[in-house]
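Chemist: Please see the structure below; I have some questions.
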Amino acid sequence: MITLKVNGEARELDVDPEMPLLWVLRDVLGLTGTKYGCGQAQCGACTVHLDGEVVRSCVTPVRRAAGRAVTTIEGLSPDGSHPLQRAWCDLAVPQCGFCQAGQIMTAAALLASNPKPRDADIERCLAGNICRCGTYTRIRAAVKRAAQISEE
Amino acid sequence: MREPRAAPVLLVAVIALACGCTRRQPETTSKGGASLSQASSGGLRRPEEFAQIADRAARSRALFLEASRVFLHPRCVNCHPNGDTPHQGMDLSVHDPPVVRGPDDKGVAGVQCSSCHQDHNLELARVPGAPDWHLAPRAMAWVGKSPRAICEQMKDPARNGARTLAQIVDHNAHDRLVAWGWNPGHGREPAPGTQEQLGQLVADWVASGAECPNEGATR
Chain A
25 MITLKVNGEA
35 RELDVDPEMP
45 LLWVLRDVLG
55 LTGTKYGCGQ
65 AQCGACTVHL
75 DGEVVRSCVT
85 PVRRAAGRAV
95 TTIEGLSPDG
105 SHPLQRAWCD
115 LAVPQCGFCQ
125 AGQIMTAAAL
135 LASNPKPRDA
145 DIERCLAGNI
155 CRCGTYTRIR
165 AAVKRAAQIS
175 EE
Chain B
7 MREPRAAPVL
17 LVAVIALACG
27 CTRRQPETTS
37 KGGASLSQAS
47 SGGLRRPEEF
57 AQIADRAARS
67 RALFLEASRV
77 FLHPRCVNCH
87 PNGDTPHQGM
97 DLSVHDPPVV
107 RGPDDKGVAG
117 VQCSSCHQDH
127 NLELARVPGA
137 PDWHLAPRAM
147 AWVGKSPRAI
157 CEQMKDPARN
167 GARTLAQIVD
177 HNAHDRLVAW
187 GWNPGHGREP
197 APGTQEQLGQ
207 LVADWVASGA
217 ECPNEGATR
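Residue numbers (the numbering used here), protein chains in the order written: chain A, 25 to 176; chain B, 7 to 225.
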C-alpha cells in the first residue's frame, strides 16, 4: 500500500510501486487533466509537482511519491484562479491545449522560485515542454502576465 | 501525435553505436621499456600488468593514462561538460532538451535533472538514471581536456571537491553515480572495463606517487 497526498488529499493506493505516477493519476484516481504525450520524458505534457518540484509523471514510479505531496493541474488552485490560469485565459494561450497543463505546472514551479522571471529564465525553464501548435510566444507573454497579476 | 521528438536523435545515436567509434589506444610501451598488452576495445588492461613497469613514476603515469580511457569515455565525459549543458550519446551531442546546470549542478526550477532522471535506468522509456543524477561541477570539466589536465585537476582540492587522494580512489571505486558508467541501460556502450578495475587503477596510481602523464601523451 502506498500513501501519498494528491492535491492536498491523503490517498492510500494498492498499486504496483513501479507504476508510473501518470497512470495512477489518470487511471486510478481519474485526474485526467495531466496528459500522456510521449511516455519518455521528452515532451513535458505529463508534468506535475512532487513536493513543489517538477517531475515528469510518465517516468516517475509511484513509489517515489510515497509519503510526499503531488500537485496536478486540478490542484493548482481550487477554482482556476491561479495567476497563471488567469493569464492563460486573458491571453488565450492554448490552441489545441494538449500540452498546456504541463506548461502551466512547469511555469508555476518557476514563479514559485522566481516571481519575476526574465525571458531567458522562462525559456530555460520551459525548454522541456513542447508545444506542437507553437504557442511559445503566448506562453512566454502569459508567464510574464501572471507574474504581474501576482504582484497586483 | 505520440511519436517522440527524440526519435531522430536516438536513431543517430543507434547508428553511431552500430558503426562503432574510433578509440585511441593507450601507449603500449613506457619509459621503463616495458610492453603492455593491447587493450580490447571495451576492456581495460589489468592493474597488475603495470607492475612490469619498473620506474615508479613511469608506472604511475601509465596507470593514469589507462584510467583516463574511462574518464574520457562518453558515458563519463558527457556529464563533465565544460559549459552549462550536459552532453549525450557517443558523439557528445548537446543534451535534448537543452537543460542547464543551474546553481547546484542539478538543473533549474522546472527542468531539474530529477524531473526526468530517476534512481535507475528506465528500459522502456530509455531514460538513463542512477542515484543523485547530476552534473559534475564546472571546475571538474573534462570535455576537451587532455589526460594530463584531468590528472592535475583531479589532484587539486580546489577543483576536485576538496577530496583527498584517498577519497578520489573511493569515489572512483564506489560512487553509485560513477557506477552507472558500466550499467548505462538501453544498449548504450558502457565505459571500458569495470568500476572495480578503475578503482584499482586509481588506487595503484595514487600508491605509485600520483604522477601525471606528460602533455600530449595519448591513451
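Think of the CB as a built atom: it goes at the ideal place given N, C-alpha and C, for glycine as much as any other residue.
1) Once you ignore the five residues that flank Glu-98 of chain A on each side, which residues in its own chain have a CB closer than 7 Å to its CB?
2) In angstroms with no decimal places, state the Cα-to-Cα distance between Gln-118 of chain B and Gln-206 of chain B.
3) Considering only C-alpha positions, which residue in the set B:Glu-72, B:Ser-74, B:Asp-97, B:Arg-107 is nearest to Asn-88 of chain B?
4) Going along chain A in order, which residues have a C-beta closer than 9 Å to the C-beta of Ser-46 of chain B?
5) Report the rounded CA-to-CA distance for Pro-85 of chain A versus Glu-42 of chain A, giving the unit in angstroms.
6) Can a CB atom of chain B be found closer than 8 Å to the CB of Pro-107 of chain A?
7) Under 6 Å Cβ to Cβ from Ile-167 of chain A, same chain only, skipping five residues before and after it: list those, please.
8) Kindly list the residues whose CB is nearer than 7 Å to the CB of Pro-137 of chain B, restricted to its own chain and excluding five residues on each side of it in sequence; keep chain order.
9) Is Thr-27 of chain A helix, strand or coil when you go by DSSP?
10) Under 8 Å, Cβ to Cβ, is there at least one residue of chain A near Arg-132 of chain B?
11) Jot down the residue ranges of each uninterrupted beta strand (DSSP E) in the stretch 45-112 of chain B, minimum 3 residues, whole runs only, in chain order.
12) Contact criterion: CB-CB distance below 8 Å. Does Cys-122 of chain B meet it with respect to chain A?
13) Return the residue from the list A:Phe-122, A:Thr-159, A:Lys-29, A:Ile-173 that minimises the CA-CA distance to Arg-92 of chain A.
14) List, in order along the chain, the chain A residues whose C-beta lies closer than 8 Å to that of Val-105 of chain B?
15) Just the Cα atoms here: how many angstroms apart are Ser-214 of chain B and Ile-26 of chain A?
16) Kindly indicate the opening and closing residues of the beta strand (DSSP E) around Val-52 of chain A.
17) Once you ignore the five residues that flank Asn-166 of chain B on each side, which residues in its own chain have a CB closer than 6 Å to its CB?
18) Taking only runs of the alpha helix (DSSP H) that begin and end inside the stretch 51-119 of chain A, which ones reach a length of at least 4 residues, in chain order?
19) Check whether chain A comes within 8 Å of Leu-128 of chain B, counting only Cβ atoms and requiring the distance to be less than that.
20) Using only the alpha-carbon positions, how far apart do Leu-17 of chain B and Gly-95 of chain B sit?
21) So is Ala-111 of chain A in contact with chain B if we call contact Cβ pairs under 8 Å?
22) Say whether the stretch 106-118 of chain A touches the stretch 72-83 of chain A, bearing in mind that this needs 3 or more beta-carbon pairs closer than 8 Å, one atom from each stretch.
23) Got a sec? Which residues, its chain only, sit under 8 Å from Gln-109 of chain A by beta carbon, not counting five neighbours each side?
24) Which of the three DSSP states is assigned to Arg-154 of chain B in this structure?
25) Let me check understanding here. Comparing Cα to Cα, which of B:Ser-43, B:His-192, B:Leu-98 lies closest to Ala-131 of chain B?
26) What residue range does the alpha helix (DSSP H) around Leu-37 of chain A cover?
27) For His-79 of chain B, count neighbouring C-beta atoms within 10 Å of its own C-beta (all shown protein chains included) and say buried if the count is 16 or more, exposed if not.
28) In whole angstroms, give me the CA-to-CA distance for Thr-224 of chain B and Leu-150 of chain A.
29) Between Thr-130 of chain A and chain C, is any beta-carbon pair separated by less than 8 Å?
30) Which one or two residues does DSSP pair with Val-117 of chain B in a beta bridge?
Modeler: Based on what the coordinates show:
1) The beta carbon of Glu-98 of chain A is closer than 7 Å to those of Asn-31, Leu-55, Gly-57 in its chain, skipping five residues each way along the sequence.
2) Those two C-alpha atoms are separated by around 33 Å.
3) Of B:Glu-72, B:Ser-74, B:Asp-97, B:Arg-107, the smallest CA-CA separation from Asn-88 of chain B is found for B:Arg-107.
4) Neighbours of Ser-46 of chain B on chain A: none; closest Cβ ~33 Å, over 9 Å.
5) Their backbone Cα atoms lie some 5 Å apart in a straight line.
6) Among the CB atoms of chain B, none fall inside 8 Å of the CB of Pro-107 of chain A.
7) According to the sequence as given, residue 167 of chain A is Val; it is not Ile. Answer for Val-167 of chain A: Ala-131, Ile-146, listed in chain order.
8) In the same chain as Pro-137 of chain B, and ignoring 5 residues on each side of it, the C-beta atoms closer than 7 Å to its own belong to Asp-125, Arg-182, Leu-183, in chain order.
9) In the structure shown, Thr-27 of chain A sits in a strand (DSSP, three-state: E or B).
10) Chain A, which has a Cβ nearer than 8 Å to the Cβ of Arg-132 of chain B, makes this yes.
11) Whole beta strand (DSSP E) segments, 3+ residues: zero.
12) Against chain A, the CB of Cys-122 of chain B has a partner CB under 8 Å away; the residue lies at that interface.
13) The shortest C-alpha to C-alpha distance from Arg-92 of chain A to any of A:Phe-122, A:Thr-159, A:Lys-29, A:Ile-173 is the one to A:Lys-29.
14) At a beta-carbon threshold of 8 Å, the residues of chain A lying near Val-105 of chain B are Ala-151, Gly-152, ordered along the chain.
15) Across the structure, Ser-214 of chain B and Ile-26 of chain A are spaced so that their CA atoms are roughly 52 Å apart.
16) Unbroken run through Val-52 of chain A: none, as it is neither H nor E.
17) Cβ within range, chain order: Met-160.
18) Whole alpha helix (DSSP H) segments, 4+ residues: 107-114.
19) By this cut-off, Leu-128 of chain B is an interface position.
20) Bear in mind that a pLDDT of 39 at Leu-17 of chain B, under 50, signals an unreliable position, so the number given afterwards is only what the model happens to contain. Cα to Cα, the separation comes out at about 11 Å.
21) False, the Cβ-Cβ gap to chain B never drops below 8 Å.
22) Counting Cβ pairs under 8 Å, fewer than three are found: no touch.
23) Excluding positions up to five away in sequence, the list reads Leu-100, Ser-101, Ile-128.
24) Arg-154 of chain B: helix per DSSP, three-state reduction.
25) Check the Cα spacing between Ala-131 of chain B and each of B:Ser-43, B:His-192, B:Leu-98: the tightest is with B:His-192.
26) Annotation: Leu-37 of chain A is outside any alpha helix (DSSP H); the continuous beta strand (DSSP E) that includes it extends over 33-37.
27) Counting C-beta atoms within 10 angstroms of its own C-beta, His-79 of chain B has 16 or more neighbours from the protein chains shown and is therefore classed as buried.
28) Thr-224 of chain B and Leu-150 of chain A have their alpha carbons spaced roughly 41 Å apart.
29) Protein chains in the displayed structure are A and B, and chain C is not among them.
30) Answer is B:Val-114, bridged to Val-117 of chain B.
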